[in-house]
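>
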Amino acid sequence: MSALPVSIIEKEVNLKLNLGCGVGKIEGFINVDIDETLKPDKVFDIRGAFPLEDNSCSQVVMYHTLEHLEKTFWQGLFIEVSRVLEIGGKFWLTFPEYPVVWKYWESNHRGMREFWERCMFGRGTTLHDRHISVTARGEVEKFLFRSGFLIEISQVEPQEDHNSLIMASNRKPFLYSEVLKDSVWGKRDEFTRTQN
Amino acid sequence: MKIVVGTNLLANVEPEIYSSHCAEYFTLGRDREITDVLQFAMKRMTIDRMRNEAAKIAMAQGFDWLVFVDDDMILTPNTLRALVKTDYDILMAHTHIRSYPFQPMSFLNKSTEEIPLNLFPFEDVLTSAGEDGISPCYAVGFACCAIRVELLKKMDPPYFVTGPANTEDIYFCVKAKQEIGEHVKIGVHTHYPTYHKVDTIYIGKDNLNQVKSFFDPEQGILASRDDRGTDYHERITCLDN
Chain A
1 MSALPVSIIE KEVNLKLNLG CGVGKIEGFI NVDIDETLKP DKVFDIRGAF
51 PLEDNSCSQV VMYHTLEHLE KTFWQGLFIE VSRVLEIGGK FWLTFPEYPV
101 VWKYWESNHR GMREFWERCM FGRGTTLHDR HISVTARGEV EKFLFRSGFL
151 IEISQVEPQE DHNSLIMASN RKPFLYSEVL KDSVWGKRDE FTRTQN
Chain B
197 MKIVVGTNLL ANVEPEIYSS HCAEYFTLGR DREITDVLQF AMKRMTIDRM
247 RNEAAKIAMA QGFDWLVFVD DDMILTPNTL RALVKTDYDI LMAHTHIRSY
297 PFQPMSFLNK STEEIPLNLF PFEDVLTSAG EDGISPCYAV GFACCAIRVE
347 LLKKMDPPYF VTGPANTEDI YFCVKAKQEI GEHVKIGVHT HYPTYHKVDT
397 IYIGKDNLNQ VKSFFDPEQG ILASRDDRGT DYHERITCLD N
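If you want it as structure tokens, here you go:
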């Protein structure tokens, strides 16, 4: 399954992508951002097609990027990630867990109301540094599942209990009927590989 | 010796604060020199009004000391008794302001000819204390303090006024110095630290540095979380091992 016809900029395999890197560059990764002033390795808009071939990536990470994208783009983004990731490739995401952040804001947890407000709405240091989607693990898991991912890890982010972490593996070929069959017969949890 | 203790109650008082204050009243009651203790607490009164009303009662009923204790302070045992047993006119238990950078609630006047009133937080309050544990200063906050009623009698009301650039406690200290004279003795009793409530923790001299570093805008929890780079990635992905 190929993407829309775009010019392919990378023809290699086993690439590692850091989507929406901001100023947090990761060594050994292709750091991607829409804002060229942040000097990423590649500049393109992840809401559209990725200029990469199918199965060219072994790992994709999106650290605190999802909340900066409108929810209407999530499904298409995850499908694109699924396309460029090899089978079994890993997709790491971290994002604010809004129900927790809201609870902390309301209770002025640790006297840090300003911090919790920034968690909800972003710092606003640049045009794209704003949060425009509510992220929560349950929501994100649903989108990932529909895009062909198997949730392997889903938990609170280490050392930051107001953030969540998901690691999903790409399980193409993806046949919904296969998953449904397993679920009906009780062999697997619908979203994860955990045995019932 | 007769004492009025004024407390401004906002809403609920934490159990540990209630216990601390009750223990203080018990200690005051057991002191033979102290013959009367009146607790003055009105709900949802502005801080100015509470202090002024407490002052009126103290003068009208012949009390010797006017003590203020806020409803978000845990006190070291025997604090209130120690505050009324000195020759100081205004004496505060060692307290920190409850917002970053948690400076001591005491001030020096670094005046010049051009600027006769120039108040600075008294950062060296602990190291400037004498053998009696008291650091003299120009002005103090009234979160936990004792004021000699004789001082009030020499001043004109209103005694406590919050302005656009001042709190009512600093206003009173400056007013006392200006109306009565520079010989008014104001100090901080460093042997009796208090613990001021900041959300779910209490800040005092023992944990000051820890709490400050936690809230530090450069390094602490409020610092910008821009760096989700290599170290962050390694911390996250180690969960897969």
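Chains as they are written, first to last, in the working numbering: chain A, 1 to 196; chain B, 197 to 437.
For every residue, glycine included, the Cβ atom is placed at its ideal position computed from N, Cα and C.
Every value quoted in this text rests on a predicted model; they were computed, and no experiment measured them.
Determine, using beta carbons only, whether residue 85 (chain A) and residue 46 (chain A) come nearer to each other than 8 Å.
Cβ distance not < 8 Å, so residue 85 (chain A) and residue 46 (chain A) don't count as in contact.
> Using 8 Å as the threshold, is the C-beta distance between residue 251 (chain B) and residue 389 (chain B) below it?
Going by C-beta atoms, residue 251 (chain B) is not nearer than 8 Å to residue 389 (chain B).
> With 7 Å as the limit, tell me which residues of the segment 155-170 of chain A have their beta carbon closer than that to any beta carbon of chain B; keep them in chain order.
So the list reads 158, 165, 167, given in the order they occur along the chain.
> So what's residue 282 (chain B) in DSSP terms, helix, strand or just coil?
If DSSP states are grouped into helix, strand and coil, residue 282 (chain B) belongs with coil.
> Relative to chain B, which residues along the segment 55-66 of chain A have a C-beta separation below 7 Å, given in chain order?
Those residues of the segment 55-66 of chain A that come within reach of chain B (Cβ to Cβ, closer than 7 Å) are 61, 63, 64.
> With a threshold of 8 Å, are at least 3 pairs of Cβ atoms found where one atom belongs to the segment 68-86 of chain A and the other to the segment 138-149 of chain A?
With the cut-off at 8 Å, the segment 68-86 of chain A and the segment 138-149 of chain A touch.
> Would you say residue 40 (chain A) reaches chain B, if we count a Cβ-Cβ gap shorter than 8 Å as a contact?
Chain B contact via Cβ: absent.
> If residue 213 (chain B) sits next to residue 270 (chain B), beta carbons under 8 Å apart, how far is it from one beta carbon to the other, in whole angstroms?
Their Cβ separation, rounded to whole angstroms, is 6 Å, which keeps residue 213 (chain B) and residue 270 (chain B) in contact under 8 Å.
> If we count Cβ pairs, one from each stretch, closer than 8 Å, do we get three or more for the segment 270-281 of chain B versus the segment 221-239 of chain B?
Yes, since at least three Cβ pairs between the segment 270-281 of chain B and the segment 221-239 of chain B fall closer than 8 Å, the two stretches touch.
> Would you say residue 431 (chain B) reaches chain A, if we count a Cβ-Cβ gap shorter than 8 Å as a contact?
At least one chain A Cβ lies under 8 Å of residue 431 (chain B).
> Contact defined as beta carbons within less than 8 Å: I believe residue 170 (chain A) pairs with residue 91 (chain A). What is the distance between those atoms, to the nearest angstrom?
Confirmed, Cβ separation roughly 7 Å.
> Going along chain B in order, which residues have a C-beta closer than 7 Å to the C-beta of residue 27 (chain A)?
Per Cβ cutoff of 7 Å: 426.
> Tell me which residues of the segment 384-407 of chain B have at least one Cβ-Cβ distance to chain A shorter than 9 Å, keeping chain order.
Listed in sequence order: 394, 395, 396, 397.
> Could you name the residues of the segment 251-273 of chain B whose beta carbon sits closer than 9 Å to any beta carbon of chain A, in the order they occur along the chain?
Those residues of the segment 251-273 of chain B that come within reach of chain A (Cβ to Cβ, closer than 9 Å) do not exist; the list is empty.
> For residue 197 (chain A), name the three-state secondary structure that DSSP assigns.
In the structure displayed, chain A extends from 1 to 196; residue 197 (chain A) sits before or after that span and is not available.
> Would you please verify whether the beta carbon of residue 194 (chain A) is less than 8 Å from any beta carbon of chain B?
Legend: pLDDT at residue 194 (chain A) = 42, less than 50; position of this residue unreliable, value from coordinates given subsequently. No, residue 194 (chain A) lies away from the interface with chain B (no Cβ there is under 8 Å from its Cβ).
> State the start and end residues of the unbroken alpha helix (DSSP H) segment that holds residue 138 (chain A).
Residue 138 (chain A) -> alpha helix (DSSP H) spans 137-146.
> Residue 391 (chain B) by DSSP, collapsed to three states: which one?
Strand.
> Run down chain B in chain order and give the residues with a C-beta less than 9 Å from the C-beta of residue 109 (chain A).
Ordered by position in chain B, the residues that pass the 9 Å Cβ test against residue 109 (chain A) are 395, 396.
> Which residues share a DSSP beta bridge with residue 300 (chain B)?
Per DSSP, B:292.
> Which residues, taken in chain order from the segment 120-137 of chain A, show a beta carbon closer than 7 Å to some beta carbon of chain B?
Result list: 123.
> Please indicate yes or no: does the CB of residue 266 (chain B) lie closer than 7 Å to some heavy atom of the ligand GTP?
Ligands in the displayed structure: none, and consequently the ligand GTP is not present.
> Fully enclosed by the segment 90-164 of chain A, which alpha helix (DSSP H) runs are 4 residues long or longer?
Those alpha helix (DSSP H) runs which fall completely within the segment 90-164 of chain A and span 4+ residues are 98-106, 113-121, 137-146.
> Report yes or no: do three or more beta-carbon pairs, one from the segment 293-306 of chain B and one from the segment 238-252 of chain B, lie closer than 8 Å?
Output reads no: the segment 238-252 of chain B does not touch the segment 293-306 of chain B.
> I want to know whether the segment 377-392 of chain B touches the segment 255-262 of chain B - three or more CB-CB distances under 8 Å.
Touching, no.
> Nearest to residue 160 (chain A) by CA position, among A:126, A:31, A:168, A:104, is which residue?
Nearest C-alpha to residue 160 (chain A): A:104.
> Could you tell me which residues DSSP puts in a beta bridge with residue 287 (chain B)?
For residue 287 (chain B), which the question treats as bridged, DSSP gives the partners B:342, B:383.
> How far does the alpha helix (DSSP H) with residue 51 (chain A) in it extend, from its first residue to its last?
Counting along the chain, residue 51 (chain A) falls outside any alpha helix (DSSP H), and DSSP gives it neither H nor E.
> So that I know if they touch, is there some Cβ in chain A lying closer than 8 Å to that of residue 436 (chain B)?
So yes, residue 436 (chain B) belongs to the interface.
> Would you say residue 37 (chain A) lies against chain B (beta-carbon separation less than 8 Å)?
It does not: the Cβ of residue 37 (chain A) has no partner Cβ on chain B nearer than 8 Å.
> Secondary structure at residue 257 (chain B), three-state DSSP: helix, strand or coil?
The answer is coil: DSSP assigns residue 257 (chain B) none of H, G, I, E or B.
> Within its chain, find whatever has a CB closer than 7 Å to the CB of residue 324 (chain B); leave out the 5 residues flanking it on each side and keep chain order.
The residues are 331.
> Rounded to whole angstroms, what is the Cα-Cα separation between residue 124 (chain A) and residue 66 (chain A)?
Whole-angstrom Cα-Cα distance: 16 Å.
> Counting pairs of Cβ atoms below 8 Å between the segment 15-35 of chain A and the segment 425-437 of chain B, do you hit three or more?
Touching, yes, given that three or more Cβ pairs across the two stretches are closer than 8 Å.
> What are the boundary residues of the alpha helix (DSSP H) that includes residue 79 (chain A)?
Where residue 79 (chain A) is concerned, the enclosing alpha helix (DSSP H) stretches over 74-84.
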